[in-house]
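Peer 1:
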Amino acid sequence: MRKLCVAVLAVFSLALTQSALAAGNAAAGKTKSAACAGCHGPDGNSANPLWPKLAGQDAQYLAKQLHDFKTGKRKDPMMAPFAMGLSEQDMADIAAYFAGQKTSPGAAQADAEGVKLGQHLYRGGNAKSGVSACMSCHGPSGHGIPPRFPRVSGQQAAYTEKQMLAFKSGQRNNDNEIMTRIAFRMSEAEIKAVSQYMAGLH
Ligand code: HEC
Ligand code: HEC
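When we follow this note's numbering, the leftmost residue of the sequence shown carries the number 24, and every step to the right adds one.
#1: Could you name the residues of the same chain whose beta carbon sits closer than 6 Å to that of P169, not counting the 5 residues immediately before and after it, in chain order?
#2: May I ask you to verify whether the stretch 123-131 touches the stretch 162-181, counting CB pairs closer than 8 Å and requiring at least 3?
#3: Could you compute how far the alpha carbon of D116 sits from the alpha carbon of A45?
#4: Rounded to a whole number of angstroms, what is the C-alpha to C-alpha distance between A86 and L140?
#5: Around the C-beta of M187, are 16 or more other C-beta atoms found within 10 angstroms, so that it is buried, or is it exposed?
#6: Kindly indicate which residue of C160, Y120 and F92 has the alpha-carbon position closest to the one of P104.
#7: Quick one: what's N149 bridged to in DSSP?
#8: With DSSP collapsed to three states, give me the class of V34.
Written out as structure tokens, the structure reads:
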């Protein structure tokens, strides 16, 4: 009975968050995204390895991140100013636009050993240190499970590595303690390997 209550509550709170987010208009979002193109690319495929690709990312995840940058829950001196002026409707529209774009393919950049370690962590976790398999939330191909678990496939490896290190140190902590707890248990070598492996997933 208690389990059932928890499950019902979880579904209920998820429904609440979803209805709290405005519905996005991708056409309006395309116009509003002009200011983002310089860093994230006109279609959301950034060229700089430290600037994330937004193309094909789940719209609700994108809107949540913009919201978190605006409120200061997620910090970045380069990105935050661009979220400040956005209304909830702007965020929803821009998120809908980028979510509808195609992610450009990435490539795993690690050497054979690194790819093996990255693959092992992604698919099976690390039982010794208590790290869960990334696949269980981000999906076997890294496409994520909308709306809660973002896409990680094809993402810039340097960006992913920076996020994992930020989760590990607690510098990024807008994740309801899900990623911070996982990254805390990972070594820097494991973080590098899994970041490079995920860049090659598609
Ligand atoms: C001057 C460069 C720059 C501009 C312009 C810019 N961004 Fe960013 N953006 C960044 C950087 C750098 C990050 C990564 C921050 C970090 O490392 O945490 C980022 C992160 C993001 C993220 C989080 C992605 C993720 O996977 O978690 C979203 C969403 C985003 N930007 C949307 C936008 C939107 C929408 C605009 C336009 C209104 C915009 N950005 C303009 C540099 C920029
Ligand atoms: C229990 C579910 C769960 C597991 C297991 C999990 N993640 Fe996550 N991950 C999340 C959630 C939820 C978020 C979104 C956090 C937020 O809202 O900011 C996330 C976000 C991320 C991000 C940030 C994406 C971006 O665009 O900035 C990266 C990178 C990431 N996870 C990598 C991993 C790796 C690597 C593993 C395995 C070692 C892993 N995750 C395991 C739930 C999970």
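Even for Gly, the Cβ is constructed at its ideal location relative to N, Cα and C.
Peer 2: To lay it out plainly:
#1: Along the sequence shown, one-based indexing puts residue 169 at 146. Cβ within range, chain order: D81.
#2: yes
#3: On the sequence shown, residue 116 is found 93 positions in, with the first residue counted as 1. On the sequence shown, residue 45 is found 22 positions in, with the first residue counted as 1. Between D116 and A45, the C-alpha separation is close to 9 Å.
#4: To locate residue 86, count along the sequence shown from 1; it is residue 63. To locate residue 140, count along the sequence shown from 1; it is residue 117. Going by the C-alpha atoms only, they are around 32 Å apart.
#5: For this step, residue 187 is matched to residue 164 along the sequence shown. Burial call: buried.
#6: Counted from its first residue, the sequence shown places residue 104 at position 81. Minimum Cα distance to P104 is reached at F92.
#7: What you label residue 149 is simply residue 126 of the sequence shown in a count that begins at 1. For N149, which the question treats as bridged, DSSP gives the partners V154.
#8: Stepping through the sequence shown from its first residue, residue 34 is reached at position 11. Residue confidence for V34 is low, a pLDDT of 45 falling below 50, so the modelled location carries little weight; the figure read from the coordinates is stated next. V34 falls in the helix class under three-state DSSP.
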